[in-house]
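Novice: Before I ask anything, here is the structure I am working with.
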Amino acid sequence: LVDSPDLRATLSLRNATADQALRLLSGTVEYVGADGAQIPLAKDQGSSGFSFFPDQQRDVLPGQAMSQVIRVPFPAAALKANTLHNIRLHLTYRATPYRNETVDSPVTLPG
Numbered sequence: 001l002v003d004s005p006d007l008r009a010t011l012s013l014r015n016a017t018a019d020q021a022l023r024l025l026s027g028t029v030e031y032v033g034a035d036g037a038q039i040p041l042a043k044d045q046g047s048s049g050f051s052f053f054p055d056q057q058r059d060v061l062p063g064q065a066m067s068q069v070i071r072v073p074f075p076a077a078a079l080k081a082n083t084l085h086n087i088r089l090h091l092t093y094r095a096t097p098y099r100n101e102t103v104d105s106p107v108t109l110p111g
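Those letters in the sequence shown? Residues 1 to 111, by the working numbering.
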């Protein structure tokens, strides 16, 4: 291999809750071999973690969807035939209660 392999994917998520807004914080990709053990990255590849883009740092409201392209290192050992069995995605998020509220405020007109 000339360069370290990467996994590039479009992550699409939908908030299926009825009453919680989700703030997506970070994620990690885990590569699992046929034996159930994690396939490690080479030491020079760093981490398979990623953050959500700053423009995605808004809450995903109930029923809304979001998508983001991610690019993370891929273990070269997983390129061998019959080695990679599963890819797991771990997401860190903050759920907050979501409810509509109404505020009534008097308006004063000049004159």
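All C-beta atoms in this analysis are idealised placements derived from N, C-alpha and C, irrespective of residue type, glycine included.
Which same chain residues end up closer than 6 angstroms to S78 when comparing Cβ atoms and leaving out the 5 residues on each side of it in sequence?
Specialist: Correcting the residue identity first, residue 78 is Ala in this sequence and not Ser. Result list for A78: Y31, I39, L84, in chain order.
Novice: From the DSSP output, read off the bridge partner residues of L24.
Specialist: In the DSSP output, where bridge partners are listed per residue, L24 has Y93.
Novice: My understanding is that L7 touches L91, with C-beta atoms under 8 angstroms, so please give their C-beta distance in whole angstroms.
Specialist: Contact doesn't hold; Cβ gap of about 16 angstroms is too wide.
Novice: Assign D35 to one of three DSSP states: helix, strand, or coil.
Specialist: Three-state DSSP puts D35 in coil, outside helix and strand.
Novice: Does A78 come out as helix, strand or coil in the three-state DSSP assignment?
Specialist: It is helical.
Novice: In or out: V60 buried (at least 16 other Cβ within 10 Å) or exposed?
Specialist: Buried, since its Cβ has 16 or more Cβ neighbours within 10 Å.
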